[in-house]
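Undergrad: The following block contains the structure, expressed as structure tokens.
In the numbering used here, the protein residues as written are 417 to 582.
Below is the structure:
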């Protein structure tokens, strides 16, 4: 009979979201996971199957806990500037890293990323009454602002421009 699980799976997944969101998949070793999650190597493999298995669980958790609530908030955005501020203030590190690092090489990650971005785009389109392709362009601009590393100053400048167009 095996030993009972000595770690909280939910806490481990939340810690994995933060770790993968700050260092990306390739920047995190199994040793890093064992150290940061407080999980024994055997328990990690028994519970998640592999580093990739844990990554997929973490990505799905990030989408459920961070991206879906963002989409819900976007659905109520009264204008483009508000939508932009919502996206640029969201914690989307893991989604962004998954988009550029894993999605091109992993079909399952790509499907999760596409579905998450589509939900954000659709919420924006519905709230603002704009075509889906224009909403996708607004989302892309907002995500680009996040990637620049200083979303406040760039986002504020763009928001001011968008406000003046309204």
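Every residue gets a Cβ at the ideal spot worked out from N, C-alpha and C, and that includes glycine.
Predicted, not measured: the structure shown is a model, and the values here were computed from it.
1) Tell me whether the beta-carbon of residue 529 lies closer than 8 Å to the beta-carbon of residue 553.
2) Taking residue 540 as the reference, which of 425, 496, 441 has the closest Cα?
3) Out of 458, 484, 506, 469, point me to the one whose CA is closest to residue 524's CA.
4) Kindly indicate the opening and closing residues of the alpha helix (DSSP H) around residue 517.
5) In terms of alpha-carbon separation, which member of 563, 462, 429, 453 lies closest to residue 512?
6) Are the beta-carbon atoms of residue 475 and residue 510 separated by less than 8 Å?
7) Give a yes or no on whether the C-beta atoms belonging to residue 487 and residue 493 are separated by under 8 Å.
8) Using the Cα positions of residue 520 and residue 464, report the straight-line distance between them to the nearest angstrom.
9) Assign residue 444 to one of three DSSP states: helix, strand, or coil.
10) Return the CA-CA distance between residue 429 and residue 480, expressed in angstroms with no decimal places.
11) So residue 506 and residue 482 are in contact, right, with Cβ under 8 Å, and what is the actual spacing, rounded?
12) Rounding to the nearest angstrom, what Cα-Cα distance links residue 516 and residue 556 in this structure?
13) Give the range of the alpha helix (DSSP H) segment to which residue 481 is assigned.
14) How about residue 450 and residue 467: are their beta carbons less than 8 Å apart?
15) Taking all protein chains shown into account, decide if residue 426 is buried (16 or more other Cβ within 10 angstroms of its Cβ) or exposed.
16) Using only CA atoms, which one of 565, 489, 518, 522 lies nearest to residue 537?
17) Would you kindly report the start and end of the unbroken alpha helix (DSSP H) that includes residue 561?
TA: According to the structure shown:
1) Here residue 529 refers to the residue found at position 113 of the chain shown. Here residue 553 refers to the residue found at position 137 of the chain shown. Not closer than 8 Å, so no.
2) Numbered from its first residue, the chain shown carries residue 540 at position 124. Nearest of 425, 496, 441 to residue 540, Cα basis: 496.
3) Working through the chain shown from its first residue, we reach residue 524 at position 108. Per the Cα distances, 469.
4) Stepping through the chain shown from its first residue, residue 517 is reached at position 101. Note, residue 517: premise wrong, no alpha helix (DSSP H); not H, not E.
5) Sequence index remark: in the chain shown, residue 512 carries index 96 (1-based). Ranking the options by Cα distance to residue 512, first place goes to 563.
6) In the chain shown, residue 475 corresponds to position 59, counting from 1. In the chain shown, residue 510 corresponds to position 94, counting from 1. In contact: residue 475 and residue 510 (Cβ atoms closer than 8 Å).
7) Locating residue 487 in the chain shown gives position 71, counting from the first residue. Locating residue 493 in the chain shown gives position 77, counting from the first residue. It is not a contact, given that the beta carbons lie outside the stated cut-off.
8) Locating residue 520 in the chain shown gives position 104, where the first residue counts as 1. Locating residue 464 in the chain shown gives position 48, where the first residue counts as 1. Approximately 22 Å between the Cα atoms of the pair.
9) Residue numbering aside, residue 444 sits at position 28 when the chain shown is read from its first letter. Looking at residue 444 - three-state DSSP - the assignment turns out to be coil, as it is neither helix nor strand.
10) Here the question's residue 429 lines up with position 13 in the chain shown. Here the question's residue 480 lines up with position 64 in the chain shown. Distance between the alpha carbons of residue 429 and residue 480: 12 Å.
11) Residue mapping note: residue 506 aligns to position 90 of the chain shown, counting from 1. Residue mapping note: residue 482 aligns to position 66 of the chain shown, counting from 1. That belief holds up - the Cβ atoms of residue 506 and residue 482 are roughly 7 Å apart, short of 8 Å.
12) On the chain shown, residue 516 is found 100 positions in, with the first residue counted as 1. On the chain shown, residue 556 is found 140 positions in, with the first residue counted as 1. Going from the Cα of residue 516 to the Cα of residue 556 covers about 13 Å.
13) As a working mapping, residue 481 is identified with position 65 in the chain shown. Segment: none, residue 481 is in no alpha helix (DSSP H) and carries neither H nor E.
14) Stepping through the chain shown from its first residue, residue 450 is reached at position 34. Stepping through the chain shown from its first residue, residue 467 is reached at position 51. For residue 450 and residue 467, no; Cβs fall outside 8 Å.
15) Start at 1 with the first residue of the chain shown, and residue 426 comes out as number 10. That one is exposed.
16) In the chain shown, counting from the first residue as 1, residue 537 sits at position 121. Nearest option by C-alpha distance: 489.
17) As a working mapping, residue 561 is identified with position 145 in the chain shown. Its alpha helix (DSSP H) spans residues 548 to 564.
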